[in-house]
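K.L.:
The sequence shown begins at 1 in the numbering used here and counts up one residue at a time. The beta-carbon is built from N, C-alpha and C at its ideal position, and this holds for glycine as well.
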Amino acid sequence: MANIVLFGPPGAGKGTQAEILKEKYNLVHISTGDVFRYNIKNETELGNLAKSYMDKGQLVPDEVTIAMLQSEVEKNEDAKGFIFDGFPRTEAQAVALKNFLETKDQDVDAMVALEVEDEVLVERLLERGKTSGRKDDANEEVVRNRIKVYYNETAILKDYYEKQDKYYGVDGVGSIEEITDRLSSVFNHFID
Ligand code: AMP
């Protein structure tokens with residue numbers, strides 16, 4: 001069983017790489033952003049709540065996000081392992097994930113972070129916004145707010161996992177294949 005947190009600021013390429021790596025290593029990919037977007041599309045109660053935060057580039061409250069993540073994990077009892085994409089984003093979420101996995105005699109094995117400069121992120125997100133249909137990618141103010149929220153609330157998780165010797169930084173600039181290779185060299189340590 002391998003539990004890997006794929007980390008990095010918005011636009012670092014987590015979603016693209018997770019889609020490739022889940023096939024390569026036969027892992028379940030859980031993207032909290034995707035689950036929220038699915039709920040928004042289907043106009044569920046969770047979707048309506050999440051939308052009010054996501055449209056402004058703010059984080060959805062921890063309690064709601066943690067409960068949603070746990071239920072996604074529970075849906076995949078037979079998984080060989082997970083790639084967590086976009087979760088945890090706060091220390092409270094990291095602690096909740098640890099405690100939750102502990103109930104299953106598991107832990108986070110590694111945080112693998114895609115490192116990309118801010119101005120490249122803004123450029124990538126605005127470019128993606130032209131075709132993704134994502135409201136939070138289309139507006140520069142919201143894009144910059146998401147990066148600010150990342151630094152204010154999420155970036156501290158690097159320290160959190162570094163203290164446990166679980167942090168692995170990877171250069172997130174290059175071709176998709178090059179970046180997959182860099183990530184794979186870390187994944188290979190944790191997955192047979
Ligand atoms: P993402 O698809 O990961 O870029 O997430 C898009 C948006 O979904 C974020 O800007 C947040 O509003 C919300 N979101 C996704 N994951 C989380 C999380 N772990 N905690 C709080 N909000 C989240």
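#1: Quick check on DSSP: helix, strand or coil for residue 171?
#2: From this set, 145, 144, 130, which residue's C-alpha is nearest residue 138's C-alpha?
#3: Can you give me the start and stop residues for the alpha helix (DSSP H) that residue 81 sits inside?
#4: Could you tell me whether the Cβ atoms of residue 10 and residue 125 are closer together than 8 Å?
#5: Residue 12 and residue 172: beta carbons closer than 8 Å?
#6: Assuming residue 55 and residue 148 make a contact with CB atoms under 8 Å, what is their CB distance in whole Å?
#7: In the DSSP assignment, what are the bridge partners of residue 29?
#8: Looking only at DSSP bridge pairs, what is residue 1 linked to?
#9: Please tell me whether residue 6 and residue 85 are closer than 8 Å, where the distance is taken between their beta carbons.
P.N.:
Once the coordinates are examined:
#1: strand
#2: 130
#3: No alpha helix (DSSP H) holds residue 81; the beta strand (DSSP E) holding it covers 81-85.
#4: yes
#5: yes
#6: Actually they are not in contact, since the Cβ atoms of residue 55 and residue 148 sit about 16 Å apart, beyond 8 Å.
#7: 83
#8: Its beta-bridge partners do not exist; DSSP assigns none.
#9: yes
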